[in-house]
Amino acid sequence: MKLTYMPAITEATAKALVAYPQVNVSVEGYNILFKKHINVGIAVSQNDGNLIVPVVHDADRLNLSGLAIAIDGLAAKARINKLMPDDIAGGTFTITNFGTFKSLFGTPIINQPQVAILGVGVIEKKPAVMETPEGDVIAIRHKMYLSLSYDHRVVDGSLGGNFLYFIKNYLENWNE
Numbered sequence: 013m014k015l016t017y018m019p020a021i022t023e024a025t026a027k028a029l030v031a032y033p034q035v036n037v038s039v040e041g042y043n044i045l046f047k048k049h050i051n052v053g054i055a056v057s058q059n060d061g062n063l064i065v066p067v068v069h070d071a072d073r074l075n076l077s078g079l080a081i082a083i084d085g086l087a088a089k090a091r092i093n094k095l096m097p098d099d100i101a102g103g104t105f106t107i108t109n110f111g112t113f114k115s116l117f118g119t120p121i122i123n124q125p126q127v128a129i130l131g132v133g134v135i136e137k138k139p140a141v142m143e144t145p146e147g148d149v150i151a152i153r154h155k156m157y158l159s160l161s162y163d164h165r166v167v168d169g170s171l172g173g174n175f176l177y178f179i180k181n182y183l184e185n186w187n188e
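So for the sequence shown, the working numbering puts the first residue at 13; every next one is plus one.
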């Protein structure tokens with residue numbers, strides 16, 4: 013199994029969806045439907061250049077290892093066109109990783125009828141100012157951009173910003 017950052021990002025996202033259930037909804041007609049389950053779709057690029065979104069069902073109930081196994085298995089099946097209908101059904105939120113193409117950031121398109129999608133940029137080493145007891149220093153840190161596209165009929169800037177901040181804070185404070 014190939015270990016990537018995606019399980020950690022998925023874990024942070026699932027926890028954010030628990031904290032902000034208003035983002036874990038769908039719009040169907042004139043109705044906003046709150047979802048009981050947190051089913052995170054992970055966009056996977058196939059060998060023919062197409063994109064498919066297999067779904068990690070009940071992602072909030074899986075630990076990091078469980079998420080890694082689920083994501084790796086679904087991605088492997090997607091790349092050889094072996095996904096079953098249940099593997100791509102029932103998503104309540106999607107993550108797309110344009111960082112795999114070395115892109116810093118992008119504007120992901122919402123996977124309707126979901127109301128939001130998280131975009132993940134490439135992780136690169138960058139200089140950053142760090143506060144130390146001796147004063148500020150410049151250090152090399154791993155940095156990535158996250159972007160959140162959302163349906164303003166349901167998610168406003170405050171909710172979207174708080175949701176994204178939750179994910180950022182969770183990832184930055186992983187060891188605490």
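Don't be surprised by glycine CBs; every beta carbon is placed ideally from N, CA and C. This structure is a prediction, so every number in the text was calculated from the model and none was measured.
In this structure, DSSP gives valine 68 an extended state, which the three-state scheme calls strand. C-alpha of valine 39 to C-alpha of arginine 91: approximately 30 Å in a straight line. Here the C-alpha atom of leucine 95 lies approximately 26 Å from the C-alpha atom of lysine 114. Ranking Tyr42, Met13, Thr108 by CA distance to the CA of isoleucine 64 puts Thr108 first. Under DSSP, phenylalanine 46 forms a beta bridge with Val37. A Cβ-Cβ distance of about 14 Å is found for the pair serine 161 and proline 125, leaving them out of contact under the 8 Å criterion. Closest option to asparagine 123, judged by alpha-carbon separation, among Tyr157, Asn51, Ala80, Tyr32: Asn51. Taken through DSSP and simplified to helix, strand or coil, aspartate 168 comes out as coil. For lysine 138, the closest C-alpha among the options Leu76, Ile129, Ala151, Ala80 is that of Ala151. Look at glycine 147 here: in three-state DSSP terms it is strand.
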